[in-house]
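Residues in the sequence shown are numbered from 48 upward in steps of one, following my numbering.
Beta carbons are placed, not taken as given, at the ideal position from N, Cα and C, and that holds for glycine.
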Amino acid sequence: MQAGRILSFLEDIRNNNNRDWFNAHKEEYSAVRDDFEEGINKAILRISEFDPTIKHLTAKDATYRFYRDTRFSSDKSPYKTHLGAYIAAHGKKALHGGYYIHLEPGHCLVSCGNYWLPTNILTSCRNEIMGNIDSWRGIVESERFIDMFGRPGEGCWGASKGFGLEMLKTAPSGFPRDYEFIKYLRMKDYCCWHTVPNSFFEGDGWLDDMSVILKEGKPMMDFINSVIDDYE
Numbered sequence: 048m049q050a051g052r053i054l055s056f057l058e059d060i061r062n063n064n065n066r067d068w069f070n071a072h073k074e075e076y077s078a079v080r081d082d083f084e085e086g087i088n089k090a091i092l093r094i095s096e097f098d099p100t101i102k103h104l105t106a107k108d109a110t111y112r113f114y115r116d117t118r119f120s121s122d123k124s125p126y127k128t129h130l131g132a133y134i135a136a137h138g139k140k141a142l143h144g145g146y147y148i149h150l151e152p153g154h155c156l157v158s159c160g161n162y163w164l165p166t167n168i169l170t171s172c173r174n175e176i177m178g179n180i181d182s183w184r185g186i187v188e189s190e191r192f193i194d195m196f197g198r199p200g201e202g203c204w205g206a207s208k209g210f211g212l213e214m215l216k217t218a219p220s221g222f223p224r225d226y227e228f229i230k231y232l233r234m235k236d237y238c239c240w241h242t243v244p245n246s247f248f249e250g251d252g253w254l255d256d257m258s259v260i261l262k263e264g265k266p267m268m269d270f271i272n273s274v275i276d277d278y279e
């Protein structure tokens, strides 16, 4: 993947986020999009070596429109300033978790997990964690997991790593406030991410490094997916 060219285009669109500029650079965008999709197809092949549930996917299944939906946003910029791909076995809109690759100047990252879970499924996930707390802690409190992603609530989306995008301020309804491991029940999602330098995606060597990151996060995602799959 020619990450330098992709990120250079994204920097340009950040500084020229209007239809006139984009229309004048459509050929460049097409080349960047094709290069990104080629990289995502390679990522799918590599991930399928340790997660065969996603081997049926193509980049078209995982990538998003570059055009922003501005209907409910005060920011009327017509184009995104990043490229992302969500490689999820059950599809981009399913609750079953997957793998996310994000290219954005100064904020490239590799991630996996489950996002925006409804309350009833979150409750089931929390019960599953409480009922199997030793197994859960064995996954998310391992030295390698913490080194790669950190602990719940320590990192925001802009941080170098993180585990959980949002946290409740107190214990969720129906759960004991004095529970020893309440931090895991206060989580509103179960995703983990690790940021990488702009140069990370250049060439093909990044596929090996990506695999290291995602393999470390996969057991956590599998734990939560085992609950979600009862609902899908």
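Boundaries of the beta strand (DSSP E) in which residue 158 is found, first to last residue = Within the sequence shown, the letter at position 111 stands for residue 158. That run of the beta strand (DSSP E) goes 155-161.
Can you list, in chain order, the stretches of the beta strand (DSSP E) that have 3 or more residues and sit fully within the stretch 112-191?
-> Fully enclosed beta strand (DSSP E) runs of no fewer than 3 residues occupy 130-134, 145-150 and 155-161 of the stretch 112-191, in order along the chain.
For residue 274, which residues does DSSP report across the bridge?
-> The count along the sequence shown starts at 1 and reaches residue 274 at position 227. According to DSSP, residue 274 bridges with nothing at all.
Would you check if the stretch 161-177 and the stretch 244-251 touch, i.e. whether three or more CB-CB distances between them fall below 8 Å?
-> Contact fails: fewer than three Cβ-Cβ distances are below 8 Å.
Local Cβ density within 10 Å of residue 314, reported as buried at 16 or more and exposed below that | Outside the displayed range of the chain (48 to 279) lies residue 314, so it cannot be described from this structure.
Hey, would you say residue 257 sits closer than 8 Å to residue 159, going by beta carbons?
-> Reading the sequence shown from its first residue, position 210 is the one you call residue 257. Reading the sequence shown from its first residue, position 112 is the one you call residue 159. Cβ distance not < 8 Å, so residue 257 and residue 159 don't count as in contact.
Do the CB positions of residue 183 and residue 270 come within less than 8 Å of each other?
-> The residue labelled residue 183 in the question sits at position 136 within the sequence shown. The residue labelled residue 270 in the question sits at position 223 within the sequence shown. In this structure, residue 183 sits near residue 270, with a CB-CB distance shorter than 8 Å.
Do residue 180 and residue 228 have their CB atoms nearer than 8 Å?
-> Position 133 of the sequence shown, counting from 1, holds the residue named residue 180. Position 181 of the sequence shown, counting from 1, holds the residue named residue 228. Yes, Cβ-Cβ distance for residue 180 and residue 228 is below 8 Å.
Between residue 154 and residue 131, is the Cβ-Cβ spacing less than 8 Å?
-> Taking the first residue of the sequence shown as 1, we reach residue 154 at position 107. Taking the first residue of the sequence shown as 1, we reach residue 131 at position 84. Residue 131 is positioned such that its CB atom lies no closer than 8 Å to that of residue 154.
Roughly how many angstroms lie between the CA atoms of residue 162 and residue 74, to the nearest whole one?
-> By 1-based counting over the sequence shown, the position of residue 162 is 115. By 1-based counting over the sequence shown, the position of residue 74 is 27. So the two alpha carbons sit approximately 34 Å from each other.
If residue 133 sits next to residue 114, beta carbons under 8 Å apart, how far is it from one beta carbon to the other, in whole angstroms?
-> Counting from 1 along the sequence shown, the entry for residue 133 is found at position 86. Counting from 1 along the sequence shown, the entry for residue 114 is found at position 67. In fact, because the Cβ distance is near 17 Å, the residues do not count as touching under 8 Å.
What beta strand (DSSP E) runs, 3 residues minimum, are completely inside the stretch 206-239?
-> List check, beta strand (DSSP E) in window: 208-210.
Beta carbon of residue 230, beta carbon of residue 200: below 8 Å?
-> To locate residue 230, count along the sequence shown from 1; it is residue 183. To locate residue 200, count along the sequence shown from 1; it is residue 153. Cβ atoms of residue 230 and residue 200: closer than 8 Å.
In terms of DSSP beta bridges, what is residue 241 paired with?
-> Start at 1 with the first residue of the sequence shown, and residue 241 comes out as number 194. Per DSSP, 157 and 208.
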